[in-house]
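Notes follow the structure.
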Amino acid sequence: MKRSYRRLAMKWHPDKNPNNKKEAEAKFKQISEAYDVIKLNPEPNKSTG
Numbered sequence: 004m005k006r007s008y009r010r011l012a013m014k015w016h017p018d019k020n021p022n023n024k025k026e027a028e029a030k031f032k033q034i035s036e037a038y039d040v041i042k043l044n045p046e047p048n049k050s051t052g
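Read in order, the letters of the sequence shown are residues 4 to 52 in the working numbering.
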């Protein structure tokens, strides 16, 4: 999960997208907020119960 977040965060970071900064800022914010929600409310691991 963390790897996927980092990959998307790097892809959509506003500094990496200077030509499309507004869209990059919106996407980066959305990705960060979603990751925070997942981090705070993890689902139990299916293999452990």
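Every residue, glycine too, gets a C-beta built ideally from N, C-alpha and C. These figures come from a predicted structure and were not determined experimentally.
Per DSSP, reduced to three states, the secondary structure at M4 is coil, with no helix or strand assignment. The Cβ atoms of K5 and M13 do not sit closer than 8 Å to each other. Annotated three-state conformation of P47 is coil, per DSSP. Setting aside the 5 residues that flank it on each side, W15 is surrounded in the same chain by A27, K30, F31, I34, each with a C-beta closer than 8 Å to its C-beta; the list follows chain order.
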